[in-house]
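Under my numbering, think of the first position of the sequence shown as 1365, with each following residue one higher.
Structure record follows, encoded as structure tokens.
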Amino acid sequence: MAREAVLQAGNSLDSFLSNMLNHYNIPNTANGINQKLDALKGDNKIATKLQYKGYYLGHVRNAADHGVDRDINAPWDISNETGFEFVLLTCSFIKAYYEYMNNVFEL
């Protein structure tokens, strides 16, 4: 259940970032959350602190979705706490990004 929460929230974040790329007319050729964050940063449309908050989400989503991790030669298990945290942090990220767009700087 925790893995599914990460995957679903990760998909919503991925879609949100695609929408932001489209909003700013940035070519959406990026695959995944981290590359989309890089594309936004490359066009100066995201603050570094938000980008790094998003990287955490991208890496956890990758751990939940990509099977065996080359670094540990095993898949990561996703705890219930991580699943819950991921959903909350995804909502927090999206809220913070909208606020950033309106010159409100809150993490």
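Just so you know, even glycine gets a beta-carbon here, dropped at the ideal spot from N, CA and C.
Residue Leu-1381 holds the alpha-carbon nearest to the alpha-carbon of Leu-1401 among Asn-1389, Thr-1393, Asn-1386 and Leu-1381.
Asp-1433 sits in a strand when the DSSP states are folded into three classes. Counting along the chain, the unbroken alpha helix (DSSP H) around Phe-1448 starts and ends at 1444 to 1465. Scanning its chain for C-beta atoms nearer than 7 Å, with the 5 sequence neighbours on each side dropped, one finds around Ala-1373 the residues Phe-1450, Val-1451 and Thr-1454, in chain order. Judged by pairs of C-beta atoms under 8 Å, the segment 1453 to 1471 touches the segment 1417 to 1429, as three or more such pairs exist.
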